[in-house]
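Working notes, beginning with the structure itself.
There are 2 protein chains.
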Amino acid sequence: MKRRDFLKTGAIAAPAAALAAPAIAQGVIEWKCPTSFPSKAPGIGTNATTFVERVNAMADGRLKLKLYSGGELVPAFAVEDAVQNGTAEIGHGTPYYNAGKNSANHFFTTIPFGMTATEMSAWLKFGGGQDLYDEIYGQRNLVPFNSGNSTVQAAGWFKKEITSVEDFSGLNMRIAGLGGEAMRKLGVNAVLLPPTEIFPAFQSGAIDAAEWVGPMLDQAFGMNKVADICYAPAFHEPGAGLNVVVNKDAWESLSPDLQAIIRNAAEAAESETIAQFEYFNAQAFKALQDSGVMFKTFPEEVLAALKTAVVEVLDEQAAANPDFARCLESYNAYLSVARPYSAAFSAPSMLQRG
Amino acid sequence: MKRRDFLKTGAIAAPAAALAAPAIAQGVIEWKCPTSFPSKAPGIGTNATTFVERVNAMADGRLKLKLYSGGELVPAFAVEDAVQNGTAEIGHGTPYYNAGKNSANHFFTTIPFGMTATEMSAWLKFGGGQDLYDEIYGQRNLVPFNSGNSTVQAAGWFKKEITSVEDFSGLNMRIAGLGGEAMRKLGVNAVLLPPTEIFPAFQSGAIDAAEWVGPMLDQAFGMNKVADICYAPAFHEPGAGLNVVVNKDAWESLSPDLQAIIRNAAEAAESETIAQFEYFNAQAFKALQDSGVMFKTFPEEVLAALKTAVVEVLDEQAAANPDFARCLESYNAYLSVARPYSAAFSAPSMLQRG
């Protein structure tokens, strides 16, 4: 029952409120929520912002989350550690920033030539993905929720055209995730720079090519000021998941309704963030084209080589880590039916509008 | 503050609980929630079920929704009327079932050759769509929320192959929405049968062809027992929105946290239902193919004729209804940038996995 309900109840309001006040104060739960991203960055950061606002609005003072922007409370890549060790009760980021803890975390962000944002949500909710997510994150005393997705990304910004696999040889490129591992097999010197270092490194020539996210964020970070060739779509990130993680002890201390509020806020934030990327990527794609950026697709030969390299990377990871192998089996079981379905329904539905 | 918090607070619990009990009883809000669909029907009905469960779990007894299956409290197509006149406080269905009230409602379900589920969510949240939705539903004292989407549908089940536009002539077909109007221009006798009447009419030969939803629901309703040719994807329903409507007076009586709970539950249900269609459509597509169903695409000539017919229908509707014209302008402003974006990013991302 909320304080304002006491105030509405007339004669009994005064004594009840007087008695209840200390209990209400006792009942307020305040949690720290660091994110890996700048909290104002469109999509990735605003996903954290909207999640926190949604929880606070629904919990009406019973649970209060305080958001900390990337680096403010803990380093950007240390959010999950902070939640695990109790420095924060809840955190926000993306699983593959913690692939060093368990390579299977890649499945909860993205897999090259893998699932779209919608397919990933389908796998998590109906294909057994969430059970694996819960189990693997449970090893670190974390309760995970998918809270958003970048939707399909760009393959990256290049200063020179890629006409064959040979053009990758010796290329210094910023690229995240398992796609970077695949690129290495084709001769790329793949490096993972944190978001804020990508633009300066690209501009100074320290790197020759860079992928960041997609039109909306690439434009916001100024990639088009350094290069005018953008390859798309990404082979490596067909949709990167964002997440909320809760310290398991903190989670279990919550009443079921507050747990439901966190769970629903994450799913609602997912809907908002996917919509945000979809809307502003389309606007930015047009603006970038209008400003002279050339969007290109990799030649078939290059795509084929990347596919071979990706299969090798996935096999190697599966051989090295049983968690990765179990996730790969579950992931591929759905992907093998999702691929022909999307080729027969979703993709032609977009293309036939002409 | 919740009852269990009183019970936890020790010494002050007994008198506070004793005083608060009548106020808690007073504070419980019980709302009827009829849906247009059978409440167990996968996707369309379970969207209503999960929405109600989510609200009830988060509101923890302060707001209790009771779900009524299609036809149980009011006829399937009369849900919005019931919410408008106060027979129910909240309801569930799809806007184009009420296109007779305002033809602009089609924009909040689907438009032929229009937006995907994700694009529709993007338009509503970021492209001005929700403002139009609120305004047009506000005319009937309703507050609307997009709560789900069928994702891309099938074009329909046919007993004979469609090789040219002439094959449409005189065909008796069940088809919903503005796609039915376009089909009429090509000689189809388009009829809109309620869900439960489609299969019997198709089986008896009263209709020659029928579209219902997509693989998951078409299989569940037995369409493949009558015909073995399914055209896909739909031209007419690239993703049909489901909705929750609240009586405006009832809405305004809610505290902001309960309003936030309804809003978030609708968005979270949207995420779940899109995932459900995506997952089980893919499984059903495979099962239907394995059982001998032939999936085909309309010939280019037929698609071109349908496009021309759709443009005519949209122009006629816009000329007849200023609300429709305003929605069409807003819808097309985003669709015109969404189309090239999805053709360059989303569709090839699905197809390059091959």
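So the protein sequences, as listed, match chains A and B. Following this note's numbering, the numbering of the first sequence begins with 1 at its first residue and continues without gaps. Following this note's numbering, the numbering of the second sequence begins with 1001 at its first residue and continues without gaps. Every residue gets a Cβ at the ideal spot worked out from N, C-alpha and C, and that includes glycine. The structure presented is a predicted model; accordingly, all values stated were derived computationally and were not measured.
Host alpha helix (DSSP H) of residue i (start-end)
i, result
"Ser271(A)", "256-290"
"Arg1184(B)", "1178-1185"
"His106(A)", "106-109"
"Gly1128(B)", "It is not in any alpha helix (DSSP H) - Gly1128(B) carries neither H nor E in the DSSP assignment."
"Met216(A)", "215-220"
Backbone secondary structure at residue i - three-state DSSP
i, result
"Ala1025(B)", "Reliability fails at Ala1025(B), whose pLDDT of 47 lies under 50, so the model's placement of it is uncertain and the value that follows must be treated cautiously. It is helical."
"Trp1123(B)", "helix"
"Arg1174(B)", "strand"
"Ile44(A)", "helix"
"Gly1091(B)", "strand"
"Leu192(A)", "coil"
"Phe1295(B)", "strand"
"Ala1099(B)", "coil"
"Lys160(A)", "coil"
"Phe345(A)", "coil"
"Asn56(A)", "helix"
"Val74(A)", "coil"
"Leu1318(B)", "It is worth fixing the name first, because residue 1318(B) is Ala in this sequence and not Leu. Three-state result, Ala1318(B): helix."
"Asn1149(B)", "strand"
"Pro1144(B)", "strand"
"Asn1085(B)", "coil"
"Pro1038(B)", "coil"
"Val1226(B)", "coil"
"Glu1240(B)", "The displayed chain sequence assigns Ala, not Glu, to residue 1240(B). Ala1240(B) falls in the coil class under three-state DSSP."
"Glu30(A)", "strand"
Residues near residue i in its chain [Cβ-Cβ closer than 7 Å; skip 5 each side]
i, result
"Gly1086(B)", "Asn1247"
"Lys32(A)", "Lys66, Tyr68, Leu73, Ala88, Glu89"
"Pro1194(B)", "Ala1076"
"Trp123(A)", "Met115, Gly129, Tyr331, Tyr334"
"Gln1203(B)", "Val1226"
Pairwise C-alpha distance: residue j and residue i
i, j, result
"Cys1230(B)", "Ala57(A)", "46 Å"
"Val1055(B)", "Ala268(A)", "13 Å"
"Phe1077(B)", "Gly354(A)", "34 Å"
"Ala1025(B)", "Lys64(A)", "Legend: pLDDT at Ala1025(B) = 47, less than 50; position of this residue unreliable, value from coordinates given subsequently. Roughly 27 Å separates the two Cα atoms."
"Gly343(A)", "Asp1257(B)", "Checking the sequence shown, residue 343(A) turns out to be Ala, not Gly. If you take the alpha carbons of Ala343(A) and Asp1257(B), they lie about 42 Å apart."
"Val1083(B)", "Val191(A)", "57 Å"
"Gln1352(B)", "Ala232(A)", "11 Å"
"Ala1021(B)", "Ile261(A)", "Bear in mind that the predicted position of Ala1021(B) carries a pLDDT of just 37, short of 50, making it too unreliable to give a figure here."
"Ala1333(B)", "Tyr1341(B)", "13 Å"
"Ala1023(B)", "Gly1061(B)", "Confidence at Ala1023(B) is low in this model, with a pLDDT of 35, below 50, so the placement of that residue is unreliable and no value is reported for it."
"Glu1100(B)", "Glu301(A)", "What sits at residue 1100(B) in the sequence shown is Gly, not Glu. Between Gly1100(B) and Glu301(A), the C-alpha separation is close to 54 Å."
"Asn281(A)", "Met216(A)", "5 Å"
"Asn1243(B)", "Pro1144(B)", "7 Å"
"Ala1319(B)", "Ser36(A)", "51 Å"
"Tyr97(A)", "Glu1181(B)", "51 Å"
"Gly205(A)", "Thr118(A)", "37 Å"
"Ala1305(B)", "Leu1186(B)", "8 Å"
"Ala1284(B)", "Asp1218(B)", "9 Å"
"Ala234(A)", "His1236(B)", "30 Å"
"Val1245(B)", "Gly1091(B)", "5 Å"
"Thr1050(B)", "Gln317(A)", "37 Å"
Own chain partners of residue i with C-beta closer than 6 Å, once the 5 adjacent residues on each side are dropped
i, result
"Gly128(A)", "Ser330"
"Gln1276(B)", "Gly1043"
"Ala176(A)", "Leu192"
"Met1183(B)", "Ile1175, Ala1190"
"Glu30(A)", "Lys64"
Cut-off 8 Å between Cβ atoms - residues of its own chain near residue i, not counting five sequence neighbours on either side
i, result
"Ala104(A)", "Leu132, Ile136, Asn321, Asp323, Phe324, Arg326, Cys327"
"Phe298(A)", "Ala155, Ile162, Tyr231, Phe235, Leu306"
"Asn1149(B)", "Ala1117, Met1120, Ser1121, Gly1239, Ala1240, Gly1241, Leu1242, Glu1270, Thr1273, Ile1274, Phe1277"
Supposed close pair residue i, residue j - CB separation, criterion 8 Å
i, j, result
"Thr1094(B)", "Gly1239(B)", "12 Å between Cβ atoms; not a contact."
"Val152(A)", "Gly241(A)", "About 13 Å separates the two Cβ atoms, so there is no contact after all."
"Ile1361(B)", "Met1173(B)", "This structure does not reach residue 1361(B), given that chain B is present from 1001 up to 1354, and the question cannot be answered."
"Asn1264(B)", "Ser1147(B)", "Actually they are not in contact, since the Cβ atoms of Asn1264(B) and Ser1147(B) sit about 11 Å apart, beyond 8 Å."
"Lys286(A)", "Val1337(B)", "5 Å"
"Ser291(A)", "Asn224(A)", "7 Å"
"Trp157(A)", "Ala210(A)", "5 Å"
"Ser1121(B)", "Glu1272(B)", "Between Glu1272(B) and Ser1121(B) the Cβ distance is about 13 Å, and since that is not below 8 Å, they are no contact."
Any non-hydrogen atom of the ligand HEM within 7 Å of residue i CB
i, result
"Ala1282(B)", "The ligand HEM is not part of the structure shown, which contains no ligands of any sort."
N-terminal and C-terminal residue of the beta strand (DSSP E) that residue i is part of
i, result
"Ile229(A)", "229-231"
"Lys1248(B)", "Segment 1248-1252 is the alpha helix (DSSP H) holding Lys1248(B); no beta strand (DSSP E) there."
"Lys1066(B)", "1063-1068"
Interface residues of chain E facing residue i [CB-CB closer than 8 Å]
i, result
"Ala344(A)", "In the displayed structure, chain E is absent; the protein chains listed are A and B."
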